[in-house]
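Reading the sequence shown from the start, the letters are residues -24 to -1, 1 to 149 in mature numbering (1 follows the signal peptide of the UniProt record, and there is no 0).
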Amino acid sequence: MDGFNLRHLALAIALSTGMGSAFAATSNSFVDNAAAGGIAEIETSRLALEKSQSADIKDFANMMITDHGKANDELASIAQAHDIKVPDSTTLVKQAKEKILDMRDESFDAAYANNQVKAHEEAIELFKKEANTVTDDQVKGATELKGFAQKMLPGLEKHLAAAKELQAKHPSK
């Protein structure tokens, strides 16, 4: 993996953390982090469709694009209904792409699988925290966001299990 750092791909996760703080003053941090993480998942998966030759990686990437696309749409609807500012997806996509532009082809499948395990572990942690919060009726959309997080957790757990299977099939060299 010389020259090719998993960090370039793992930036998908870092994006969600870093982007959240950029928007925290005007919106809900769960919305910021979940939206940024979802966009990063979609972008790394699009890259996997371009770079990988493995059918299982491509199948997983397609599932990520579909599932995280739907989740982001639902999150945006909840946010819009409660006047919660959502991070600009164009900016998030641009930042995600800039961070992963210089990836090399070798060991891509292993790096992608490792990234997906880490990304989903962090997403599950974020969503569990939101799902277990005591809702404050004074906070816009709190009940709906809690419900959204609870609804998404089983899917994220399935994604993590599938990512771990990919990781076992595509070990790092």
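Even for Gly, the Cβ is constructed at its ideal location relative to N, Cα and C.
| Query | Result |
| --- | --- |
| Status (buried if at least 16 other CB within 10 Å, exposed otherwise) for residue 25 | exposed |
| Simplified DSSP state of residue 123, which is helix, strand or coil | helix |
| For residue 141, three-class secondary structure by DSSP | helix |
| Terminal residues of the alpha helix (DSSP H) in which residue 32 lies | 31 to 57 |
| Own chain partners of residue 146 with C-beta closer than 6 angstroms, once the 5 adjacent residues on each side are dropped | 85, 86 and 89 |
| Extent of the continuous alpha helix (DSSP H) to which residue 5 belongs | 5 to 27 |
| Segment contact flag, the stretch 26 to 38 with the stretch 49 to 57, C-beta cutoff 8 angstroms, min 3 pairs | no |
| Residue of 8, 144, 7 and 11 minimising C-alpha distance to residue 91 | 144 |
| Pairwise C-alpha distance: residue 31 and residue 58 | 41 angstroms |
| Buried or exposed by the 16-neighbour rule on C-beta atoms within 10 Å, applied to residue 12 | buried |
| Nearest residue (CA-CA) to residue 137, options 95, 45 and 10 | 95 |
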